[in-house]
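Q: This is the structure, below, for whatever I ask next.
In the working numbering, the protein residues as written are 42 to 435.
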């Protein structure tokens with residue numbers, strides 16, 4: 042049975058389609074000539090915008106109005122850390138509407154192109170192991186993100202009518218029974234929907250980076266296996282094999298640039314807001330009494346862990362791309378090049394010099410997506426928290 046090399050993206054694509062964040066399939070010759078196809082795409086786009094306008098954009102606007110109209114600092118921080126998360130989601134939504142075709146085309150190419158077909162043996166084992174690991178990470182991230190929802194809503198229903206699940210500005214008295222439960226029902230739909238949109242967008246970015254890093258790792262394994270002692274090809278076959286690997290590397294670099302275009306703006310906004318979100322989350326968590334509000338404390342702990350993973354996961358997967366690309370010259374050097382002809386050795390030397398160029402993804406053309414980015418974000422969050430606690434103590 043063949044290996045589904047994009048198995049980890051199947052659930053993500055289904056979730057993005059449900060959240061209206063995934064483009065239509067490519068036009069086929071039969072659908073491209075249909076006069077109803079452009080109108081169908083227009084109405085689907087209008088439907089997607091209408092759903093997110095009444096759910097995501099309106100909810101975010103109400104939270105911003107509540108935060109900006111508040112005179113109490115504690116109340117403002119209670120609203121602001123969620124509001125900033127919603128703001129980053131709005132940026133991801135517009136980014137997906139504009140660039141999601143890049144992700145769709147990449148997944149289609151990876152699934153059908155013979156160039157990216159995984160061979161049996163060590164390559165298959167490596168691929169299945171990393172896909173399984175990504176699935177476990179996705180489940181953990183989803184559990185921590187969606188697990189916040191029941192804790193918040195149970196606490197709100199228990200404290201009826203004095204506490205909404207999420208504080209928002211509304212032009213009416215929400216403490217009346219009818220308006221309270223109407224607003225409660227609206228948030229009960231909006232919060233899980235926006236949470237699913239947010240975490241699925243994050244995981245798609247991570248999966249694309251994971252796939253490129255696995256392609257680089259697979260390329261390194263094939264470079265190291267050139268002209269092994271057990272089975273040596275003829276000079277012509279060996280040259281063809283090396284040229285195929287060079288073409289594969291060039292295609293991977295093109296795909297890495299495409300992924301950078303897809304994740305650049307949304308990751309940049311996430312980086313700029315994550316330090317503030319983490320700072321406010323820790324500040325609110327240390328202000329809570331676990332015995333007076335245990336469900337809120339559990340929700341805040343889960344939320345803090347999810348926000349940490351939100352910046353850690355792209356950092357670790359972006360770092361894997363750079364790490365696996367840096368190992369390619371060593372992998373090529375470990376092949377059986379001394380027994381090759383001088384023409385092949387010269388070609389290998391030229392390719393090895395080319396491989397020394399680093400492969401780095403950048404957010405906004407400035408921040409390198411890697412582990413140093415995560416440490417910088419955490420340091421900024423700690424500095425902001427120390428400043429906030431110092432000001433609050435005075």
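No residue lacks a Cβ here, since even glycine has one placed at the ideal position from N, Cα and C.
On a predicted model such as this, the values are computed, not experimentally measured, just so you know.
Check whether the region 352–369 and the region 323–336 touch, using three or more Cβ-Cβ pairs below 8 Å as the test.
A: With a cut-off of 8 Å, the region 323–336 and the region 352–369 do not count as touching, because too few Cβ pairs lie within range.
Q: Give the DSSP-derived three-state secondary structure of residue 404 in the structure shown.
A: Strand.
Q: Could you check the C-alpha separation between residue 216 and residue 348 for me, to the nearest Å?
A: Their Cα atoms are separated by approximately 31 Å.
Q: Does the region 53–65 come close enough to the region 134–149 that 3 or more CB-CB pairs lie under 8 Å?
A: At 8 Å Cβ cutoff, the stretches touch.
Q: Let me confirm a value: residue 12 is counted as buried when at least 16 other C-beta atoms fall within 10 Å, else exposed. Which label applies?
A: Outside the displayed span of the chain (42 to 435) sits residue 12, for which this structure offers no information.
Q: Kindly indicate the opening and closing residues of the alpha helix (DSSP H) around residue 374.
A: Segment 369–374, the alpha helix (DSSP H) holding residue 374.
Q: Looking only at C-alpha atoms, which of 245, 316 and 254 sits nearest to residue 54?
A: The shortest Cα separation from residue 54 among 245, 316 and 254 belongs to 245.
Q: Checking the sheet assignment: what are the DSSP bridge partners for residue 409?
A: Per DSSP, 403.
Q: Which of helix, strand or coil does DSSP assign to residue 47?
A: Reduced to three states, the DSSP call for residue 47 is coil.
Q: Let me check understanding here. Comparing Cα to Cα, which of 431, 157 and 51 lies closest to residue 291?
A: For the residues 431, 157 and 51, the minimum Cα distance to residue 291 belongs to 157.
Q: Among 81, 356 and 235, which residue has its Cα nearest to the Cα of residue 133?
A: The shortest C-alpha separation from residue 133 is found at 235.
Q: What is the DSSP secondary structure of residue 201, reduced to helix, strand or coil?
A: Coil, per DSSP.
Q: If you measure between the beta carbons of residue 393 and residue 373, is that distance less than 7 Å?
A: Contact: yes.
Q: Where does residue 62 sit, in a helix, a strand or coil, going by DSSP?
A: Looking at residue 62 - three-state DSSP - the assignment turns out to be coil, as it is neither helix nor strand.
Q: Whether or not the region 91–103 and the region 175–183 are in contact is what I'm after, with contact meaning three or more pairs of Cβ atoms, one per stretch, closer than 8 Å; do they touch?
A: No: fewer than three Cβ pairs fall under 8 Å.
Q: Excluding sequence positions up to five away, which residues of its chain have a Cβ less than 6 Å from the Cβ of residue 517?
A: Not covered by the structure: residue 517. The range shown for the chain is 42 to 435.
Q: Let me make sure I understand the geometry here. Which of 203, 233, 224 and 370 has the alpha-carbon closest to that of residue 188?
A: The candidate whose alpha carbon is nearest that of residue 188 is 233.
Q: Per DSSP, what kind of secondary structure is residue 380 in: helix, strand or coil?
A: Residue 380: helix per DSSP, three-state reduction.
Q: My assumption, with CB atoms under 8 Å, is that residue 315 sits in contact with residue 351. Please give the rounded CB distance.
A: Their Cβ separation, rounded to whole angstroms, is 7 Å, which keeps residue 315 and residue 351 in contact under 8 Å.
Q: Got a sec? Which residues, its chain only, sit under 7 Å from residue 38 by beta carbon, not counting five neighbours each side?
A: Only positions 42 to 435 of the chain appear in this structure, which leaves residue 38 out of reach.
Q: Identify the continuous alpha helix (DSSP H) that holds residue 234 and give its terminal residues.
A: 218–265 is the extent of the alpha helix (DSSP H) around residue 234.
Q: Should residue 248 be labelled buried (16 or more other beta-carbon atoms within 10 Å of its own) or exposed?
A: That one is buried.
Q: For a test of the three-state rule: what should DSSP assign to residue 416, helix, strand or coil?
A: Three-state DSSP puts residue 416 in a helix.
Q: State yes or no: is the C-beta of residue 250 within less than 7 Å of the C-beta of residue 164?
A: No.
Q: Taking the beta carbon of residue 344 as the centre, do at least 16 other beta carbons fall within 10 Å, making it buried, or is it exposed?
A: By the 10 Å Cβ count, residue 344 comes out buried.
Q: So, using beta-carbon positions, are residue 193 and residue 202 closer together than 7 Å?
A: Not closer than 7 Å, so no.
Q: Quick check on the DSSP output: the alpha helix (DSSP H) that includes residue 294 runs from which residue to which?
A: Its alpha helix (DSSP H) spans residues 276–328.
Q: Distance check for residue 386 and residue 57, CA to CA, integer angstroms please.
A: Distance between the alpha carbons of residue 57 and residue 386 is about 48 Å.
Q: Have a look at residue 51 and residue 418 and give me their C-alpha separation to the nearest angstrom.
A: Going by the C-alpha atoms only, they are around 31 Å apart.
Q: By DSSP, does residue 80 sit in helix, in strand, or in coil?
A: In the structure shown, residue 80 sits in a helix (DSSP, three-state: H, G or I).
Q: Might you give, ordered along the chain, the residues of its own chain that have their beta carbon closer than 8 Å to the beta carbon of residue 436, omitting 5 neighbours on each side?
A: Residue 436 falls outside the range modelled here, since the chain spans only 42 to 435, and no answer is possible.
Q: Of the choices 84, 299, 267 and 210, whose alpha-carbon is the least far from that of residue 287?
A: Among 84, 299, 267 and 210, the Cα nearest to that of residue 287 belongs to 267.
Q: So for residue 359, helix, strand or coil by DSSP?
A: Of the three classes helix, strand and coil, the one that applies to residue 359 here is helix, per DSSP.
Q: Along the chain, where does the alpha helix (DSSP H) containing residue 120 start, and where does it finish?
A: Residues 114–153.
Q: Can you list, in chain order, the stretches of the alpha helix (DSSP H) that have 4 or more residues and sit fully within the region 80–111?
A: Taking only runs of at least 4 residues, the alpha helix (DSSP H) segments lying wholly in the region 80–111 are 99–109.
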